[in-house]
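Residue numbers (the working numbering): 2 to 313.
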Amino acid sequence: MTGVVTVTLNAAVDQTLDVPGFTAGAVNRALSETRTAGGKGINVAAFLSGGPAPVTAIGFLGADNTAVFETLFRDRRIADRCLRVPGSSRTNVKVVDREGGSVTDINLPGPRIPDTAWRALLDGLDELGALNGVFVLAGSVPAGLTDSAYAEIIPVLRRHGAFVTLDASGAPLRHAMAAKPDMIKPNAHELSELLGRPLGGRDDVTAAARELAAQGVALVVVSLGADGAVFVERGRALHAQPPRVEVASTVGAGDAMVAGVLAARLAGGDLEDCARRGTAYAAGTLSLLGPELPPPPRIAELMAGVRIEAIE
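See the structure below:
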């Protein structure tokens with residue numbers, strides 16, 4: 002049961018514009034434009050494709066603009082179990098200013114999900130749960146679904162003994178915690194929001210992650226941006242500090258970290274392996290525009306450059 006299934010309820014076409022010196026309220030000229038299939042779960046599927054585990058993508062796609070997704074699935078050999086719904090998948094415009102080191106996001110609305118499509122998705126997940134061992138539930142919840150969507154999905158997968166990773170925020174994350182996902186990956190702000198209290202530095206974040214681990218989450222990963230990430234499993238805590246890289250875009254870095262952690266787990270790695278590979282994947286995608294990983298030799302270099310520290 003080593004297959005990986007990623008669930009993307011709110012897929013997106015990521016339109017990335019390379020605009021040096023971007024200035025709001027002024028005329029800006031883009032040097033380049035790329036359009037890629039996006040949504041957090043689809044990004045994770047792309048990062049994990051080509052590995053030893055077969056990868057399946059399921060979720061919702063707007064029927065009017067499926068080509069970019071179908072091309073990705075075909076090129077990366079990702080099994081396509083996504084349901085088509087009326088309308089277009091949303092477009093997320095990302096304006097990247099390398100000179101200023103900023104990314105400006107403009108996220109458009111997507112289609113409303115009919116109740117019939119939601120029920121069909123749950124049936125599809127029940128079927129896939131019998132055949133695959135790892136599931137990634139990631140991203141926002143679209144119109145037509147409630148904030149308890151992930152909380153409804155997790156028990157379906159639990160019946161089959163699947164390892165469930167959740168990467169969400171706000172109310173969907175809060176509702177899903179009661180269903181006890183096996184792994185979560187909030188950033189520090191999302192963790193603070195989940196617990197309803199401010200978090201200071203690394204020690205506060207670690208204590209909060211340990212609190213969630215004590216409540217039954219097997220692996221808690223908290224991303225800290227340029228300061229790396231904290232990894233907590235069964236009370237043991239590690240801090241992973243990435244090597245310095247030239248940042249082209251932060252798009253997909255969190256999804257790359259999820260993929261790296263799962264790749265390490267699928268290979269039988271321990272917590273340190275998860276921290277090292279997850280951090281290297283995230284650092285690797287920072288130097289590229291769009292959700293892409295550098296070649297394996299560069300990933301190996303980045304892994305060697307990750308500093309791991311045990312937190313008492």
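For each residue, glycine too, the CB sits at the ideal point set by N, CA and C.
Using the three-state DSSP reduction, which class does residue i fall into: helix, strand or coil?
i, result
"Ser33", "strand"
"Ser103", "strand"
"Ala169", "coil"
"Ala305", "helix"
"Val6", "strand"
"Thr280", "helix"
"Ser193", "helix"
"Ala131", "coil"
"Ala214", "helix"
"Val248", "coil"
"Thr24", "coil"
"Arg91", "strand"
"Asp271", "coil"
"Gly39", "strand"
"Ala80", "strand"
"Ala13", "strand"
"Asp18", "The sequence shown places Leu at residue 18, rather than the Asp named in the question. It is a strand residue."
"Thr207", "helix"
Under the DSSP definition of a beta bridge, which residues are partnered with residue i?
i, result
"Phe48", "Paired residues: none, contrary to the question."
"Arg85", "Leu62"
"Ala238", "Val233, Ile312"
"Arg113", "Bridge partners of Arg113: none, in fact."
"Asp98", "Ser103"
"Thr57", "Val6, Ala80"
"Val222", "Phe232"
Between residue i and the rest of its own chain, which residues show a CB-CB distance below 6 Å, the 5 nearest in sequence each way excluded?
i, result
"Val233", "Ala210, Arg211, Ala214, Val221"
"Pro295", "Gly285"
"Gly130", "Leu158, His161, Ala163"
"Pro112", "Gly63, Val86, Gly88"
"Ile312", "Thr207, Ala238, His240"
"Val248", "Leu287"
"His176", "Asp148, Ser149, Ala152"
"Met184", "Thr166, Leu220"
"Lys186", "Asp168, Val222, Val259"
"Val252", "Lys95"
Excluding sequence positions up to five away, which residues of its chain have a Cβ less than 8 Å from the Cβ of residue i?
i, result
"Asn93", "Ala13, Val14, Asp15, Gln16, Gly39, Asp106, Ile107, Asn108, Leu109"
"Ala230", "Val222, Val223, Ser224, His240, Ala241, Met258, Ala276, Gly279, Thr280, Ala283"
"Asp98", "Val20, Pro21, Gly22, Phe23, Val104, Thr105"
"Ser50", "Val56, Arg77, Arg78, Ile79"
"Arg30", "Val20"
"Glu71", "Asp81"
"Thr37", "Val14, Asp15, Thr17, Val69, Leu73, Gly291, Pro292"
Say the cut is 7 Å; is the CB of residue i nearer than that to a heavy atom of the ligand MN?
i, result
"Asp271", "Ligands displayed in this structure: none; no statement on the ligand MN is therefore possible."
For residue i, which residues in the same chain have their Cβ closer than 7 Å to its Cβ, ignoring the five residues on either side in sequence?
i, result
"Leu10", "Gly60, Phe61, Gly140, Val142, Pro143, Leu146, Ala150"
"Thr67", "Arg85"
"Leu272", "Phe232, Glu234, Arg237, Leu239"
"Val45", "Thr7, Val137, Ala139, Asp256, Val259, Ala260"
"Pro115", "Val86, Gly145"
"Asp204", "none"
"Arg1", "Coverage of the chain is limited to positions 2 through 313, which leaves residue 1 absent and any answer about it impossible."
"Leu132", "Gly4"
"Gly134", "Met2, Thr3, Gly4, Ala163, Phe164"
Check whether chain B comes within 8 Å of residue i, counting only Cβ atoms and requiring the distance to be less than that.
i, result
"Ala305", "This model lacks chain B altogether, as it is built from one protein chain only."
Meets three-Cβ-pair contact criterion under 8 Å: the segment 238-251 and the segment 262-280: yes
Pairing CB atoms from the segment 162-176 with CB atoms from the segment 198-209, are three or more of them under 8 Å? no
Contact between the segment 147-158 and the segment 116-130 (3+ Cβ pairs under 8 Å): yes
Could you tell me which uninterrupted alpha helix (DSSP H) segments, each at least 4 residues in length, are contained entirely in the segment 136-185, listed from first to last along the chain? 150-159, 171-178
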